[in-house]
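S.K.:
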Amino acid sequence: MKGLLLLTLSSLVCWVSADIRCHSCYKVPVLGCVDRQSCRLEPGQQCLTTNVYLGKMRVFSNLRCGTPEEPCREAFYQTSHKLGLTYNTTCCNKDTCNSLAPRPTPALDLVLTSLAGLGLWLLH
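So the sequence shown is residues -18 to -1, 1 to 106, counted in mature numbering (1 follows the signal peptide of the UniProt record, and there is no 0).
1) Run through DSSP, which three-state label would leucine 104 get?
2) Using 10 angstroms around the beta-carbon of residue 165, count the other beta-carbons present and answer buried if the total reaches 16, otherwise exposed.
3) Compare the C-alpha of isoleucine 2 against each of Tyr59, Phe42, Arg22 and name the closest.
4) Under the DSSP definition of a beta bridge, which residues are partnered with glutamine 60?
5) Can the beta-carbon of cysteine 4 be found less than 9 Å from the beta-carbon of cysteine 29?
6) Quick one: what does DSSP say arginine 46 is sitting in, helix, strand or coil?
7) With burial defined as no fewer than 16 other Cβ atoms inside 10 Å of the residue's Cβ, what is the status of valine 16: buried or exposed?
8) In three-state DSSP terms, what is cysteine 4?
9) Tell me whether proline 25 is buried or exposed, calling it buried when 16 or more other Cβ atoms sit within 10 Å of its Cβ.
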């Protein structure tokens, strides 16, 4: 009886630990996550976070699960010369390890958005 109980508990622990979830969303400044969801990792895959920058300003982030078709590949300072964007991708494989960073204060968001808008208006 004890052996059966131990086997059942071991199976349950393995089953629970295999259910690793990742955050999944597009995160943009001011708005935060758009279409927030979670996804379950398949065996051998990893959660990933890609941050996209224009200069030093983050434009958006993409959080998701890697897939066999698009596995996570860490990359830092990848640049798209046409658009002038820089991409940083990080990988992890623990439950919700690509967690959402806390949002800046709303006042700071408003100031940064206003300054960006003013800068674009002055350029035209």
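From the three backbone atoms N, C-alpha and C, an ideal C-beta is built for every residue, glycine too. Fair warning: this is a prediction, and the values are worked out from it, not measured in the lab.
M.R.: For this structure:
1) helix
2) Nothing about residue 165 can be read from this structure; the chain reaches only from -18 to 106.
3) Arg22
4) Tyr69
5) yes
6) strand
7) exposed
8) strand
9) exposed
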